[in-house]
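Structure first, commentary second.
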Amino acid sequence: MRRSAGLQLVSQELTRLQCQARPRPLCPPRNCRLASSTSSYTSRNISCISPSFAGAHHSHHRDIARSNFKRHVSSRTHTSASFTPSFPNDHDHTHSLHSNIHYILSQTKIPVGRMNNINRQKARSFLFITSKWANEQGATLSEALLERLHQEQETNHNEAIVDTDMYNACMHAWNISGADGKIIVQNVESILTRMEQRCADDTLHNSHRARPDRTSYNCLLHSYSKCDEDSSWKVQAVLEKMNAMAQESKDREYASKVQPDEITYNTVMNYYATRTKSKFAAQHAEDILLQMSELSQHTNSNVRITSTSFNIVLKAWSNSGCGWEGAERAKSLLHKMIQWHNHGHANVAPTAVSFSTVMDAYTKVERVHASTAVENAMELLDWMEASSISDPEHVHSCYNAMAKVCIRMGVENVGERVMELMRRMKNMDAVPDERMYTRCIEAYAREGSEGAFAVAFGVLDEMREHLQCNPSSVAFNSLLDALLKKQTDQSMELAEKLMKKMESLGGDSRPDIASYNMMISALSRSSCKGSEQKAVDYLRSMLRSFNNDHYSKAKPTSFVFNSVIAMLDRSSEEWADDVMYKTLMSMENQQRQGNASVIPDTITYNTVIGKLSKRPTKENAKKVMKLLTQMESKEEDGNFDASPDIITYTNILKIQSKLDPNRASDIASRYVTRSLARSPLPPMDRVGLRALLMALSRSGKFENAFDAISLWERLEGCGKTTKLLDSDTCNLVLLAFSKVKTEQSADIVLSFLTERLKRLSNGDKSIVLPTVVGMNAALTVLSNSGRINDALSIVEIMKALYMNGHSKLQPDPGCYTSILTSVASVQSSSKNNALYAEKVLKKAKEELEVVPITLVNAAINACAWTSGDQNDKKRAIQIAFEIFDQTKERSSYDAVTFGLMIKACMKLSSDDDTRFKLVQRLFQVCAKNGLVGNMVMREIGHFKPMLLPDGKVPQAWKIHANDK
DNA sequence: ATAGGGTTAG
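If you read the first sequence in this note's numbering, its first letter stands for residue 14, the second for the next number, and so on.
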């Protein structure tokens with residue numbers, strides 16, 4: 014395929030940018046080593062490198078953490094000045110921070126109760142420093158210091174060491190940590206609870222413990238808005254509690270300290286404003302605004318409505334998920350705000366944020382309203398320019414919001430439109446910032462034409478010049494996105510080049526989680542060979558970037574891992590299953606290290622287990638079992654994300670039944686037992702049920718057969734008959750019992766069958782019956798217990814059902830064979846064996862058109878195993894010969910028939926003389942017919958006394974034996 | 001201690 018001119022242009026552009034990239038600074042060892050070791054999976058060197066200072070309790074860990082930090086800092090100073098990954102505060106302070114950390118860590122070595130004043134003062138100021146780091150480490154560290162100082166206070170009853178501000182700072186630290194919402198809420202709740210409990214425990218001896226104030230509760234309320242979970246009842250409860258405390262407290266001063274203020278109400282509104290896709294929440298936020306307005310009327314009120322309050326409600330409507338309606342409501346609220354302002358409420362002046370928030374609401378309207386949305390937003394922009402804004406330094410954000418509306422609404426020639434906005438903002442003395450340039454790039458890239466791409470790259474260049482630094486990954490991502498949506502080989506190639514360039518530029522330009530998501534999911538959609546390898550390589554470099562270089566923007570989410578796993582699942586590369594397993598291990602590793610955005614779930618595990626099960630090797634079986642254990646132990650710990658389900662077990666049983674059937678039946682049994690204990694039963698499907706029953710039916714253990722039947726009956730009771738149960742699975746249940754030789758089995762099987770037959774005769778048409786296969790198994794069980802008559806009546810019933818249209822229940826020779834084989838088995842041999850054999854054979858001859866030799870043989874064999882006294886045995890021999898003689902007439906016997914007859918004579922004869930005569934006679938007929946087989950020779954060989962007095966085999970035997 | 005903004009993704 015020839016390259017089009019436009020793409021060629023873009024490609025040149027890329028190469029040019031590549032050359033412009035800053036010369037690679039000196040840090041070759043790190044990169045070289047990593048690059049050469051791509052074959053080893055990165056997860057191995059992940060765990061030890063991630064620094065977790067606060068969690069480092071003993072000095073060994075601390076040393077590792079510290080030395081890694083040092084290495085990290087020194088390598089960074091070489092690469093990029095704008096890079097501040099793990100401690101995003103002022104870069105120049107890195108050194109003093111380092112010594113701070115050193116100091117703080119050394120604090121933990123001082124025994125409790127031995128900190129002097131200077132120690133305490135330092136710890137206190139470090140607490141306030143670390144609490145402003147705005148990352149998880151800062152929060153963890155400040156909380157650790159808080160707890161350490163609390164211990165100190167507990168041993169010095171007369172001194173107040175920990176005050177309310179310190180608690181508040183720690184909660185604030187979590188709120189700004191950027192951690193996952195759930196984690197923030199957990200930590201803030203736990204700090205506040207501790208604070209409250211410690212106060213409640215306070216005695217006269219120590220009345221110095223810090224009491225939560227309004228700020229503390231405001232912090233708590235704030236944390237709820239960071240988390241997606243529905244915490245509205247908690248928010249409501251906190252507000253009520255604050256009001257109650259303010260009213261009920263006898264301490265007037267304290268009462269005024271916990272009385273909710275405007276920040277409290279703003280924060281509560283903000284909680285509702287952050288609930289996306291909920292009209293109710295937006296309405297609720299607006300209601301609170303009304304309440305605030307009433308409260309502010311009271312004298313001495315500490316509540317007053319400001320621009321912020323309004324802006325929060327504007328956001329609420331923008332986030333409400335109400336599309337056009339939400340945008341319109343936001344707009345009219347903005348009008349109301351201006352009215353208020355005009356009526357003398359100076360502190361509700363609309364700000365740039367107000368305008369840009371409403372504009373943002375117009376980016377979320379339904380397609381039909383696209384052009385009106387753009388018009389309305391443009392009106393807002395005109396309006397904003399005409400009015401005096403109280404925060405002119407934020408005016409540029411309105412142009413950005415406007416540009417976003419144009420892009421989202423699919424305006425034609427968006428690139429030029431956004432360019433125009435950039436010119437227009439300059440007239441307002443607003444300087445386009447990085448975000449605005451990025452928007453502009455996005456706009457051109459979205460246009461998709463090759464010329465537009467070239468312009469986008471041009472803007473990227475311009476941006477570097479104007480901003481005097483490299484564009485952040487976001488700008489590149491817009492380009493990547495647009496390139497990858499083109500879905501051509503060339504554009505994929507260009508995207509790969511772009512990724513390389515981002516890496517070489519380093520710093521904030523490095524690929525982030527969005528870049529990796531896009532590349533990997535595009536690769537997983539591609540059918541080119543080698544895409545798997547490329548995707549896995551990207552995953553590895555992402556992990557390296559996050560784990561080793563602490564690049565927080567590359568923090569992985571489930572999405573990347575799942576894309577890779579899904580792609581490998583479809584792959585035919587022979588390493589695919591192994592790499593899938595390693596990918597899952599790496600996911601678990603992330604989770605273990607506290608990355609809350611990585612959640613391997615049941616589907617993830619099932620995909621990997623499913624793939625591993627396709628290749629039944631011992632290693633894969635081991636891996637699969639390890640994964641199952643992992644899933645089960647998570648479930649026990651109360652984490653149900655990855656609870657094993659029927660699909661999990663189906664795959665596990667698939668591999669184990671090939672390698673270790675006993676293990677398979679144990680696994681199946683454990684699962685069935687647990688499932689039966691639950692109500693309702695966990696979901697089950699046909700394939701899974703079959704796999705379970707197969708595994709259970711193989712073992713020959715009574716418990717397993719019992720599990721099988723219990724499960725089947727329970728499912729039948731749930732009315733799952735049509736969806737799940739069929740004759741096939743019913744057969745498996747009976748088959749399970751056919752290998753168990755106990756009296757109990759016969760009872761269970763018989764009542765199982767009679768129950769179903771009874772229901773059938775009562776007109777239950779949904780009843781599931783076994784086929785001959787299952788029936789044969791049932792016959793085996795009954796005959797094993799000597800219940801030949803029961804067995805024969807079952808055959809009768811089968812015949813009747815067959816006549817009634819149950820075509821799969823036609824009695825076949827196998828039925829009789831099943832009975833006779835059981836009669837012959839050692840466990841069930843009785844004095845009646847021969848009589849049974851005679852009876853069964855007779856019945857078979859009546860019912861069947863052709864009686865196969867095997868059936869006759871089975872009858873003779875049954876006779877051979879007759880026990881009891883001499884008379885019983887003598888009669889057995891007679892019966893055997895009668896059967897044999899009848900057979901002879903039809904000349905349908907074989908070598909085995911002779912073997913069995915000889916065996917019968919050997920076993921049943923009362924003395925050697927009789928034995929000799931009978932066997933000799935049989936042997937002669939046998940030899941004449943040329944049917945001397947292995948079995949015949951073996952039987953004769955067993956009998957030493959049959960040899961001649963001189964120890965030789967009689968001539969008669971010899972001749973014919975050698976003839977053969 | 002409260003209001004915001006950029007990219008992706010089945």
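Cβ atoms here follow ideal geometry from the backbone N, Cα and C, with glycine treated the same way.
(1) Taking only runs of the alpha helix (DSSP H) that begin and end inside the stretch 443-476, which ones reach a length of at least 4 residues, in chain order?
(2) Straight-line CA distance for Thr927 to Phe897?
(3) So, Leu205 versus Val281, is the Cβ gap smaller than 8 Å?
(4) Going by DSSP in three states, Trp146 sits in which element: helix, strand or coil?
(5) Closest by CA to Met422, which one among Met432, Met372, Pro696?
(6) Alpha carbons only, please: which of Ser710, Ser576, Lys631, Ser656 is nearest the one belonging to Thr986?
(7) In angstroms, rounded to a whole number, what distance separates the CA positions of Asp698 and Asn744?
(8) Under a Cβ-count criterion, where at least 16 other Cβ atoms within 10 Å of its own Cβ denotes burial, should Cys876 be classed as buried or exposed?
(9) Under a three-way DSSP split, which group does Phe489 fall into?
(10) Using only CA atoms, which one of Val366, Val418, His479, Ala186 lies nearest to Ser384?
(11) Which residues in the same chain have their Cβ closer than 6 Å to the Cβ of Trp725, if we skip the five residues on either side of it in sequence?
(12) When the Cα of Ala804 is compared with those of Met449, Asn148, Val251, Lys852, which residue comes out closest?
(13) Given Pro225, which residues of its chain have a CB within under 8 Å of its CB, disregarding the five upstream and five downstream residues?
(14) Near Tyr529, what residues of its chain come up, given a Cβ to Cβ distance below 6 Å and the 5 sequence neighbours on each side ignored?
(15) Start and end of the alpha helix (DSSP H) containing Lys920?
(16) According to DSSP, simplified to helix, strand and coil, what is Tyr230?
(17) Can the beta-carbon of Asp825 be found less than 8 Å from the beta-carbon of Val794?
(18) Return the CA-CA distance between Ser558 and Asp525, expressed in angstroms with no decimal places.
(19) Between the stretch 487-501 and the stretch 455-464, do three or more beta carbon pairs fall short of 8 Å?
(20) Skipping 5 residues on each side, what residues in its chain have a beta carbon closer than 6 Å to that of His382?
(21) Go ahead and label Pro405 buried or exposed: buried means 16 or more other beta carbons lie within 10 angstroms of its beta carbon, across all protein chains shown.
(22) What does the Cβ neighbour count give for Ile318, buried or exposed, with the cut at 16 atoms within 10 Å?
(23) Quick one: Cα of Ala508 to Cα of Arg538, how far?
(24) By the 10 Å Cβ neighbour count, where 16 or more other Cβ atoms means buried, how is Ala790 classified, buried or exposed?
(25) Going along the chain, which residues of its own chain have a beta-carbon closer than 8 Å to the beta-carbon of Asp658, five neighbours each way excluded?
(26) Taking the straight line between their C-alpha atoms, what separation do you get for Lys941 and Ser880?
(27) Determine whether the beta carbon atoms of Asn675 and Ser712 lie at a separation below 8 Å.
(28) By alpha-carbon positions, which one of Glu266, Arg342, Gln260 ends up nearest to Glu299?
(29) Identify, in the order they occur along the chain, each residue of the same chain with its Cβ nearer than 7 Å to the Cβ of Glu716, setting aside the five sequence neighbours on each side.
(30) On the three-state DSSP scale, how would you describe Lys377?
(31) Measuring only the C-alpha atoms, how far is Ile892 from Asp673?
(32) Would you mind stating whether Lys292 and Gly334 have Cβ atoms separated by less than 8 Å?
(33) So the candidates are Ala634, Val248, Ser345; which of them puts its Cα closest to the Cα of Trp330?
(34) My assumption, with CB atoms under 8 Å, is that Ile123 sits in contact with Asn132. Please give the rounded CB distance.
(35) Report the start-end ranges of each alpha helix (DSSP H) in the stretch 868-905 that is 4 residues or longer and not cut off at the edges.
Well, looking at it:
(1) 447-460
(2) 18 Å
(3) The answer is no: Cβ separation not under 8 Å.
(4) Looking at Trp146 - three-state DSSP - the assignment turns out to be coil, as it is neither helix nor strand.
(5) Met372
(6) Beyond the ends of the chain as shown, which are 14 and 977, falls residue 986; an answer cannot be given.
(7) 17 Å
(8) buried
(9) Helix at Phe489.
(10) Ser384 has its Cα closest to that of Val418, out of Val366, Val418, His479, Ala186.
(11) Val746
(12) Nearest option by C-alpha distance: Lys852.
(13) Thr177, Tyr180, Leu205, Met208, Glu209, Cys212, Val271
(14) Tyr551, Met555, Val573
(15) 908-921
(16) helix
(17) no
(18) 9 Å
(19) By the Cβ test, the stretch 487-501 is in contact with the stretch 455-464, since at least three Cβ pairs between them sit closer than 8 Å.
(20) Trp337
(21) exposed
(22) buried
(23) 15 Å
(24) buried
(25) Closer than 8 Å at the Cβ level, and outside the excluded window around Asp658, lie Thr615, Asn619, Pro695, Pro696.
(26) 32 Å
(27) Yes, these two residues count as a Cβ contact at 8 Å.
(28) Arg342
(29) Ser682
(30) coil
(31) 44 Å
(32) yes
(33) Ser345
(34) Indeed they touch by this definition, with Cβ atoms about 7 Å apart.
(35) Entirely contained in the stretch 868-905, the alpha helix (DSSP H) runs reaching 4 residues are, in chain order, 883-903.
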